[in-house]
Amino acid sequence: MMRHRHPALVPALAIITASVAILSLGLGPVSIPVGRIMAVLTGHGDAIDRAILIDLRLPRMLIGLLVGAMLGLAGAVLQGYLRNPLAEPSVLGASNAAALGAVGALYFGIAQWHIAMLPIMAIAGALVALGALFFLAGESESPLTLILAGIAVSTLALACISLALNLSPNPFAAMEIMAWLLGSIENRSFEHVWIVLPCVAIGMALLLYDGRALDALSLGEDGARSLGVDLPRLRLRLLLGVAIGVGGAVAVSGSIGFIGLIVPHLMRPLTDRSPSAILLPSMLGGALLLTASDMLVRIIPSTNELKLGVVTAFLGVPVFLAHLLRERRLW
Amino acid sequence: MVSISIEGLSVDLGGRAILRDVAMQLAPGALIGVIGPNGAGKSTLIRAMLGLLPFQRGQVTIDGQAVGAMAPRDLAKAIAYLPQGQVLHWPLSVERLVGLGRLPHLGPLSRPGAQDREAIDEAMCRADIASLADRTATELSGGERARVMLARALAVGARGLVVDEPLASLDPGHQIDVMELLAREARRGALVVVVLHDLSMAARYCDRLLLMDEGRLIADGTPAQILTQDRLRAVYGISGHIDLTGDAPMVVPMARWPQVGAEQQADAG
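For the protein sequence lines, the chains are R and F, in the order given. One point on numbering: in the working numbering, the residue at position 33 of the first sequence is 176, and numbering is uninterrupted. One point on numbering: in the working numbering, the residue at position 19 of the second sequence is 20, and numbering is uninterrupted.
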């Protein structure tokens with residue numbers, strides 16, 4: 144049990160992710176070579192380098208890692224729970240509903256009351272969506288019902304965001320709302336890190352706890368219950384974990400698609416394919432994919448910085464399709 | 002030793018009575034077969050018995066403890082359950098799948114230990130699937146899959162084993178393998194309950210049969226007491242050839258009963 148096909152997968156992913164993250168610090172209008180990055184990180188280096196790296200680029204890097212890890216993990220957990228390779232936070236409406244919460248906070252000016260209002264509204268959005276979802280799907284807990292209800296909730300949230308876009312008083316407000324739809328982590332500060340960190344920590348703790356229960360669900364609901372899984376509690380932990388984690392992540396980055404869908408698929412063949420075995424790799428893989436995408440955002444020359452959700456889709460979808468064509472016989 | 006006591010058990014699903022006032026005592030050491038036509042309430046009985054289905058009236062106790070009051074994990078450790086048509090949603094290896102049987106013994110974040118390892122190996126040995134350990138479980142033949150799923154249930158190491166229609170879609174050879182495996186478990190002192198449709202298999206391997214019809218338990222006894230012409234007609238609506246005398250008792254369904262214009266043919270059985 145718990146034998147990974149590649150025992151070094153998690154350490155290797157961790158090292159690659161850390162290296163890419165450090166490299167990403169060097170990218171930007173002022174290019175800083177690795178030697179000077181290391182000097183700053185070890186407490187030396189000159190003041191300008193330190194200001195650029197610590198105050199401007201480090202928060203962005205940390206947010207990229209945290210949000211990516213959260214989305215990757217949430218995708219892996221939802222695919223395991225719903226026993227469906229299509230599941231991910233945005234398919235269930237969690238991402239769009241969180242974005243709607245954030246947009247609502249901006250649109251009605253609630254965001255100005257307190258810095259915590261926007262993430263709270265985002266989490267509330269995700270909670271309401273997932274709560275409604277599980278209520279709609281009823282007692283049956285049939286995975287297909289949940290996914291269909293999720294698409295309905297997701298579409299409704301998207302429609303409401305578009306409505307806010309239509310009714311927005313000026314083009315700047317519209318631009319800001321657009322950012323929530325496509326996702327971006329440019330110009331983030333440590334304030335944002337402190338918002339996302341606790342949410343993601345709570346979300347991850349709740350989601351990582353249930354790996355074994357997800358394995359049991361490979362045998363269906365009766366199978367899992369006869370192995371001692373308390374399904375209502377599992378569902379509650381999962382609901383809270385996804386809502387708080389993804390809600391908090393979306394509150395600082397906007398709705399970034401595809402990571403939760405793609406990363407677990409890329410990781411699964413490298414493990415023994417049990418739901419619990421892909422949790423940690425998906426977490427690290429999500430962090431890696433989002434960080435790499437954010438580097439591309441900065442490298443590709445354009446007048447406006449590209450939106451992150453666009454790049455994750457461009458980067459992830461071809462890899463995903465290639466992988467799907469190779470793997471399809473297994474489904 | 003584990004024993005199950007059921008009293009006055011009634012289950013309604015969607016306003017329809019599926020089980021009506023069922024009572025039975027199930028003790029270890031004998032292979033207990035549950036038989037009856039489709040829709041008789043066999044699977045419902047099993048699921049209610051294991052706390053997987055809420056019931057409206059009655060009581061189910063396992064070793065004196067009410068099922069509803071037991072922690073899911075304790076219940077899982079006491080009785081292993083193999084549902085009808087067990088599905089597998091991810092292409093796990095056979096060894097990994099059998100290992101799922103150890104979940105009731107593991108904490109959420111703990112790793113399986115030597116004892117779990119041993120239980121998995123033993124279960125694979127008993128179900129004769131050690132050679133399949135590294136195969137992908139979703140790519141097995143029906144017969145292999147049935148034994149792998151049984152090994153998964155055995156790996157729980159429970160004193161009770163409840164199996165719902167394990168013979169469906171198995172060839173005769175594999176049917177015999179599965180029944181002998183279950184009979185062996187019962188001889189070893191486990192409580193083994195198996196839902197069956199094949200009456201010959203039930204007659205040959207079971208020590209005790211429970212005959213269900215329309216949500217009621219209508220007969221409870223040895224195969225010789227249960228499998229009579231009258232009951233086949235009344236419950237299954239068939240006539241059959243019944244020979245319970247030899248080493249290999251047989252119940253061969255012959256014709257629908259009552260059969261219009263062909264009574265004499267049915268009487269011959």
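Even glycine gets a Cβ: it sits at the ideal position worked out from N, Cα and C.
Can you name, in chain order, every residue of its own chain whose Cβ lies under 6 Å from the Cβ of residue i, other than the five neighbours on each side?
i        : result
Glu166/F : Gln85 and Val196
Gly34/F  : Val195, Leu197, Ala203, Cys207 and Leu210
Gly384/R : Gly346, Leu349 and Leu350
Gly400/R : Ser233 and Gly452
Arg331/R : Pro202, Arg203 and Ile206
Leu54/F  : Arg48
Pro262/R : Ile338, Gly391 and Ala394
Asp13/F  : Gln57
Taking C-beta pairs closer than 7 Å, name the residues in chain R that residue i reaches, listed in chain order.
i        : result
Ala77/F  : Ser369, Leu370 and Gly371
Arg74/F  : Gly371
Leu151/F : Within 7 Å Cβ-Cβ: nothing; Leu151/F doesn't reach chain R, min ~13 Å.
With a threshold of 16 other CB atoms inside 10 Å of the CB of residue i, please say whether the residue is buried or exposed.
i        : result
Val454/R : buried
Leu189/R : Rather than Leu, the amino acid found at residue 189/R in this sequence is Asp. Exposed, by the Cβ-count rule.
Phe278/R : exposed
Asp231/F : exposed
Gly161/F : buried
Glu119/F : exposed
Ile290/R : buried
Gln222/R : buried
Ala70/F  : exposed
Arg411/R : buried
Thr298/R : exposed
Ser285/R : exposed
Gln265/F : Note that Gln265/F scores 49 on pLDDT, short of 50, meaning its location in the model is unreliable; the coordinates nonetheless yield the value given after this. Answer is exposed; the Cβ neighbour count stays below 16.
Ile443/R : exposed
Met426/R : buried
Gly211/R : buried
Which residues of chain F have a Cβ atom closer than 9 Å to the Cβ of residue i, listed in chain order?
i        : result
Arg526/R : Only positions 144 to 474 of chain R appear in the structure, and residue 526/R is not among them; the question remains open.
Arg491/R : Residue 491/R is absent from the structure shown; chain R starts at 144 and stops at 474.
Quick one: which chain R residues come within Cβ less than 8 Å of residue i?
i        : result
Gln87/F  : Leu362, Gly363 and Gly366
Pro109/F : Tyr352, Asp353, Gly354, Arg355 and Ala356
Given 8 Å as the limit, tell me if residue i has its C-beta closer than that to any heavy atom belonging to the ligand HEM.
i        : result
Ala265/R : Looking for the ligand HEM in the displayed structure turns up nothing, as the structure carries no ligands at all.
Measuring alpha carbon to alpha carbon, tell me which of the options ends up nearest residue i.
i        : options                                   : result
Gly391/R : Leu243/R, Asn313/R and Leu431/R           : Leu243/R
Gly328/F : Arg17/F, Gln57/F and Arg103/F             : Given a span of 2 to 270 for chain F in the structure shown, any question on residue 328/F remains unanswerable.
Ile304/R : Pro407/R, Met181/R and Ala245/R           : Ala245/R
Ala156/F : Arg188/F, Glu96/F and Leu192/F            : Glu96/F
Arg112/F : Arg469/R, Gly354/R and Leu324/R           : Gly354/R
Lys450/R : Gly371/R, Val372/R and Gly326/R           : Gly326/R
Ala28/F  : Ser44/F, Leu245/F and Gly190/F            : Gly190/F
Gly42/F  : Arg257/F, Leu212/F, Thr223/F and Gly238/F : Leu212/F
Val501/R : Asp75/F, Ala256/F and Gly216/F            : Nothing can be reported for residue 501/R, as the shown portion of chain R is limited to 144 through 474.
Phe463/R : Leu370/R, Leu229/R and Ser417/R           : Leu229/R
Gly216/F : Ser4/F, Ser6/F, Arg17/F and Leu101/F      : Arg17/F
Gly65/F  : Ser4/F, Ser132/F and Asp248/F             : Ser4/F
Ala31/F  : Ile7/F, Met180/F and Ser132/F             : Met180/F
Tyr237/F : Ala256/F, Gly114/F, Arg153/F and Leu151/F : Ala256/F
Leu51/F  : Ile80/F, Gly59/F, Gly40/F and Met25/F     : Ile80/F
Thr163/F : Ala184/F, Val193/F, Ile121/F and Leu182/F : Looking at the sequence itself, residue 163/F is Val, so the reference to Thr does not match. Checked all of Ala184/F, Val193/F, Ile121/F and Leu182/F; the closest Cα to Val163/F is Val193/F.
Ile197/R : Arg179/R, Thr288/R and Arg226/R           : Arg179/R
Val61/F  : Gln116/F, Ile36/F, Ala24/F and His106/F   : Ala24/F
Arg21/F  : Thr45/F, Ala152/F, Ser6/F and Pro38/F     : Thr45/F
Val343/R : Asp365/R, Leu413/R, Leu208/R and Met321/R : Leu208/R
Trp323/R : Ser398/R, Thr185/R and Asp365/R           : Ser398/R
His106/F : Arg188/F, Ala152/F, Glu145/F and Ala77/F  : Ala77/F
Taking 7 Å as the limit between beta carbons, can you name the residues of its chain near residue i, skipping five residues before and five after?
i        : result
Ser170/F : Gly143
Val252/F : Leu200, Ser201, Ala204, Leu228, Gly241 and Ile243
Arg271/F : Because residue 271/F is not part of the residues shown, which for chain F are 2 to 270, the question remains open.
Leu89/F  : Leu98, Ala138 and Thr139
Ser167/R : Met204, Thr434, Asp437 and Met438
Might you give, ordered along the chain, the residues of its own chain that have their beta carbon closer than 8 Å to the beta carbon of residue i, omitting 5 neighbours on each side?
i        : result
Leu458/R : Leu432, Ala435, Ser436 and Leu439
Ala300/R : Gly236, Asn239, Ala240, Ala242, Leu243, Gly268 and Ala272
Ala317/R : Leu308 and Ser311
Which residues in chain R sit within 9 Å of residue i, going by Cβ to Cβ distance?
i        : result
Arg160/F : Under the 9 Å cutoff, chain R gives no residues; its nearest Cβ is about 15 Å from Arg160/F.
Pro133/F : Checking the sequence, you will find Leu at residue 133/F rather than Pro. The contacting residues do not exist; Leu133/F stays about 15 Å from chain R at best.
Using a cut-off of 9 Å between C-beta atoms, extract the partners of residue i located in chain B.
i       : result
Pro84/F : The question asks about chain B, but that chain is absent: this structure's protein chains are R and F.
Next item on the list: Would you list, in chain order, the members of the segment 356–375 of chain R that have their beta-carbon closer than 8 Å to a beta-carbon of chain F?
Entry: From the segment 356–375 of chain R, only Ala356, Asp358, Ala359, Leu360, Ser361, Leu362, Gly363, Asp365, Gly366, Arg368, Ser369, Leu370, Gly371, Val372 and Asp373 have a Cβ closer than 8 Å to chain F.
Checklist line | Members of the segment 333–353 of chain R near chain F, C-beta cut-off 9 Å | finding: For the segment 333–353 of chain R, the set of residues with a beta-carbon nearer than 9 Å to any beta-carbon of chain F comprises Leu351, Tyr352 and Asp353, in chain order.
Item checked: Against chain F: residues of the segment 212–231 of chain R by CB proximity under 7 Å -> Under the 7 Å Cβ criterion, the segment 212–231 of chain R contributes Arg226.
Note to self: Give me the subset of the segment 19–42 of chain F whose CB atoms are less than 9 Å from a CB atom of chain R, sorted by chain position.
What the structure shows: Listed by position along the chain: nothing, the set is empty.
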